[in-house]
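For the sequence shown, numbering that gives the first Met the number 0 begins at 0 and goes up steadily by one. Take a look at the structure set out below.
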Amino acid sequence: MAVSTRVCDTSEGLVYIRQGRLGDLKALVALEKAVFGRHALDPSTLFWLLLRHWPGLLIAEQSGVLVGYILTRVSFLSRWTRRGGITSIAVSPAYLRQGIGRRLMEVALEFLIRARVKAIDLEVSVDNTAALSLYLSLGFADEKPLPNYYGPNEHGLRMTLYTSDDSSASREGPD
0 MAVSTRVCDT
10 SEGLVYIRQG
20 RLGDLKALVA
30 LEKAVFGRHA
40 LDPSTLFWLL
50 LRHWPGLLIA
60 EQSGVLVGYI
70 LTRVSFLSRW
80 TRRGGITSIA
90 VSPAYLRQGI
100 GRRLMEVALE
110 FLIRARVKAI
120 DLEVSVDNTA
130 ALSLYLSLGF
140 ADEKPLPNYY
150 GPNEHGLRMT
160 LYTSDDSSAS
170 REGPD
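Below you can see the structure in the form of structure tokens.
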């Protein structure tokens, strides 16, 4: 994915969105820990995801400091059917509620739609009301409850955005 510099204007100044690179790994690990705590991806998993889905990694940075990221994926369900996904998205707690998450999502959705996916999935905690509101405003719909997805009594929800009128073909995908 060739991402031209995309800008998000925040109260702290301009935040630039660019394609990720391996050199971002250390900052990604730190951001994961700051945002997700005990649910953070461990460094080796993050490294593997970065290598596997590298073109789908977008970084939000301000003055050279990583303040957010989003990692997308494209799966081939058949020769003609692709399904997209948001593997992870995080924004530094100091930069929340400034439009960075929305802008990362918008750029990622543009990329996935250009990749001709039929649908885009993501998983979110049912307790993350800000994220749920964002995803609903972008056109995602509740698809499937995920009991204990994040641990005992920590439920998730799979949400899906269909990008094609042919929803019968696009409903093939993860259970």
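Ideal placement from N, C-alpha and C gives every residue a C-beta, glycine not left out.
Through-space distance from residue j to residue i, alpha-carbon basis
i, j, result
"VAL90", "LEU108", "17 angstroms"
"ALA168", "ARG115", "In this prediction, ALA168 scores a pLDDT of 42, lower than 50, which makes its location untrustworthy; the coordinate-derived value is nonetheless stated afterwards. Distance between the alpha carbons of ALA168 and ARG115: 13 angstroms."
"LEU160", "LEU49", "23 angstroms"
"ALA1", "GLY67", "With a pLDDT of 49 at ALA1, under the threshold of 50, the modelled position of that residue is not reliable, and the figure given next carries that caveat. In a straight line, the C-alpha of ALA1 is about 18 angstroms away from that of GLY67."
"PHE139", "ARG101", "13 angstroms"
"ASN152", "LEU145", "11 angstroms"
"ILE112", "GLY83", "8 angstroms"
"PHE183", "VAL14", "No statement about residue 183 is possible, as the shown extent of the chain runs from 0 to 174 and does not include it."
"TYR149", "ARG37", "10 angstroms"
"ALA33", "GLY55", "22 angstroms"
"PHE75", "PHE46", "22 angstroms"
"LEU121", "ARG157", "6 angstroms"
"LEU95", "ALA130", "11 angstroms"
"ALA29", "ARG51", "20 angstroms"
Where residue i sits in the DSSP three-state scheme
i, result
"PHE75", "strand"
"ASP126", "coil"
"ALA114", "coil"
"PRO144", "strand"
"SER136", "helix"
"LEU49", "helix"
"GLY22", "helix"
"VAL6", "strand"
"LEU95", "coil"
"LEU70", "strand"
"GLY150", "strand"
"VAL64", "strand"
"GLU109", "helix"
Candidates the options, of which the one nearest residue i by Cα
i, options, result
"VAL88", "ARG72, LEU76 and SER77", "The identity of residue 88 in the sequence shown is Ile, whereas the question assumes Val. Ranking the options by Cα distance to ILE88, first place goes to ARG72."
"ASP23", "GLY36, MET158, GLY63 and VAL6", "GLY63"
"CYS7", "LEU21, THR80 and GLU60", "GLU60"
Range of the contiguous beta strand (DSSP E) that encloses residue i
i, result
"TYR15", "12-18"
"ALA39", "Neither: ALA39 is in no beta strand (DSSP E) and is coded neither H nor E."
"GLN61", "56-61"
"LEU160", "153-161"
"ARG82", "81-90"
Supposed close pair residue i, residue j - CB separation, criterion 8 angstroms
i, j, result
"ILE16", "VAL125", "Between VAL125 and ILE16 the Cβ distance is about 28 angstroms, and since that is not below 8 angstroms, they are no contact."
"ILE119", "THR86", "Actually they are not in contact, since the Cβ atoms of ILE119 and THR86 sit about 11 angstroms apart, beyond 8 angstroms."
"LEU177", "GLY19", "The displayed coordinates of the chain run from 0 to 174. Any statement about residue 177 would go beyond what the structure contains."
"ALA26", "LEU65", "4 angstroms"
"MET104", "LEU133", "7 angstroms"
"ARG206", "LYS117", "Past the boundaries of the shown model lies residue 206; the chain is included only from 0 to 174, so the question cannot be answered."
"GLU31", "LEU40", "5 angstroms"
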